[in-house]
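Number 427 marks the last residue of the sequence shown (UniProt numbering); no jumps.
See below for the structure under consideration.
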Amino acid sequence: MSRLFRTSPTAMGGPMGTLGRLRSIVPVRQPRLASLQAPKKPVVVQRIRLRNRFRLRNVLIGTVVFYVSYQVYTTVVFSPLYAWLEEEEKHLTPRQLKELSEEDLDTFIPLPLTMRSVQPPPYSGQDPEWQEFVRISRDMPYQERMRSTLTSTIVQQLTINKLLVMKMGKPVKVRRSWLDIYFPYQPPLEFVRSGILITDDSIGIAERPVDSGLANMTTRVLWPVAVANGAWVTLQTVAQLHYQQIRRMLGYETTTKPIFGIPANAPKTAGLPPGAPPYGPLQQNPEIQRMLQQVRQQSTKRPQDIKDPAAMAASQAQGGSGAGALGTASPSATEAGNVMTESFPGQNFVKQAMAHGWMALVKKWKRPEIPPRGSVIVSGMVEVETPKAFVVLDVVAYWDPKARAYHHRSTVLRFRRTQLKEQRPMR
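Below you can see the structure in the form of structure tokens.
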């Protein structure tokens with residue numbers, strides 16, 4: 001609007017003034033150049049699929065390579081295996097071949113968390129295991145051979161123990177032994193697990209036996225009782241030590257109850273066979289004493305005098321647990337003793353708690369496996385002599401008559417007493 005009222009020299013009159021006013025009111029439009037340009041064509045993308053021509057030569061080459069590779073693999077891998085199987089089959093007895101031919105080809109799929117232990121029925125007089133017990137009980141040279149094999153095995157185990165050899169020296173030889181042979185009334189525990197059994201005729205739920213070693217390993221993995229027990233004992237020890245510290249701070253007298261203590265008035269030869277050495281610094285372990293007592297209650301030394309072992313086992317079970325433990329509890333080292341300098345505050349406190357927890361863990365973890373069916377129990381003590389000391393050991397072993405050897409995984413061997421040949425005062 002400002003241009004309408006603008007004054008100019010030509011605005012006062014004349015044709016130029018009128019034309020100027022009209023040009024300022026009506027704008028002159030410029031020609032559109034875009035409409036004069038030619039429209040663009042859309043771009044079309046065409047896809048082309050290239051196909052390789054079928055060549056018979058490639059198929060033939062691949063077939064030849066596959067056949068040659070298969071022949072080389074079977075010749076190198078399977079041929080020695082087949083030859084070994086044929087060689088082993090030649091050494092099998094007719095009975096073993098018959099058992100192999102009679103094996104069922106059924107499919108068994110085990111179910112998780114179904115493993116359990118079962119107690120088999122007691123031996124009967126007609127069982128082959130009991131007949132073998134009778135034969136062994138009458139064969140005295142065979143029993144002496146069993147004892148000598150056990151003592152030689154103990155000496156071999158002690159010789160390969162580097163820590164013991166470093167402290168006691170070599171060689172290790174047997175000085176005396178007190179070994180008794182017992183014949184159990186009942187077979188050991190057996191493990192079974194449930195699963196799905198697929199046969200040619202049906203599909204159902206069935207139970208199959210499981211090896212005791214596999215059962216123990218599975219139980220340790222799924223139910224870590226040993227680790228939990230060790231942690232619980234550690235917490236108990238920490239709480240007990242804190243309680244004793246609080247009582248001392250308040251001025252009360254603390255009387256520590258030894259966890260592995262032994263009464264001072266206990267007899268030195270309680271529960272030992274005649275001529276056995278008395279207890280020493282390393283006392284009898286209560287666990288092995290309970291094991292020995294259970295073995296002697298549920299076994300016999302003269303199986304030929306028993307006509308019905310099953311009835312005898314039942315009467316033993318109804319008669320109760322019998323007398324108390326054969327020996328006394330093992331002692332622990334007294335807390336008042338050597339004063340050790342601590343590397344950090346509370347070192348002795350932590351060491352005591354961890355030591356008790358570790359002992360509980362080892363006690364539960366190193367549980368012996370179950371011996372095979374028909375095993376004979378050999379238990380007692382063995383005294384060995386080294387250049388520096390006399391060592392007495394408790395042993396419980398199981399002789400397998402079928403294998404004519406000891407079942408080493410179920411053998412229990414623990415130290416009872418160590419006596420040095422040369423002793424020096426501690427102060």
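Ideal placement from N, C-alpha and C gives every residue a C-beta, glycine not left out.
The structure displayed is predicted, hence computed values, not measured ones.
Proximal residues to residue i (C-beta, below 6 Å), its chain only, five neighbours per side dropped
i: P188; result: I370 and P371
i: A206; result: L197
i: residue 448; result: With the chain covering only 1 through 427, there is no way to say anything about residue 448.
i: T159; result: V172
i: H356; result: V233 and T237
i: R367; result: none
Boundaries (first-last residue) of the alpha helix (DSSP H) holding residue i
i: F54; result: Note, F54: premise wrong, no alpha helix (DSSP H); not H, not E.
i: G357; result: Q347 to W365
i: G213; result: S212 to L222
i: M166; result: K162 to M168
As assigned by DSSP and simplified to three states, the class of residue i
i: E253; result: coil
i: G374; result: coil
i: S137; result: helix
i: L197; result: strand
i: V392; result: strand
i: residue 435; result: A query on residue 435 cannot be resolved here, the shown segment of the chain reaching from 1 to 427 and no further.
i: W178; result: strand
i: G204; result: strand
i: R300; result: The sequence shown places Thr at residue 300, not Arg. DSSP places T300 in strand when its eight states are reduced to three.
i: V382; result: strand
i: P128; result: helix
i: P277; result: Note on P277: pLDDT 44, under 50, position unreliable in the model; no value is reported.
i: T153; result: helix
Span of the beta strand (DSSP E) around residue i
i: E419; result: The sequence given here places Gln at residue 419; Glu does not occur at that position. Q419 -> beta strand (DSSP E) spans V412 to L420.
Strand pairing of residue i, partner residues [DSSP]
i: W399; result: V376 and Y406
i: E190; result: V118
i: P209; result: V192
i: residue 428; result: The displayed coordinates of the chain run from 1 to 427. Any statement about residue 428 would go beyond what the structure contains.
7 Å CB neighbourhood of residue i in its chain, flanking five on each side removed
i: W358; result: G230
i: S299; result: Y182, F183, P184, Y185 and I377
i: G204; result: L197
i: V238; result: A353
i: T151; result: V174, S177 and V382
Spatial neighbours of residue i in its chain, beta-carbon cut-off 8 Å, leaving aside the 5 residues before and after
i: L100; result: L92
i: P209; result: E190, F191 and V192
Residue i: CB within 7 Å of a non-hydrogen atom of the ligand GTP
i: L100; result: The ligand GTP is not part of this structure, which contains no ligands at all.
- Taking the runs of the alpha helix (DSSP H) that are 4 residues or longer, which of them lie wholly in the stretch 57 to 125? The stretch 57 to 125 contains these whole alpha helix (DSSP H) runs: 79 to 90 and 94 to 102.
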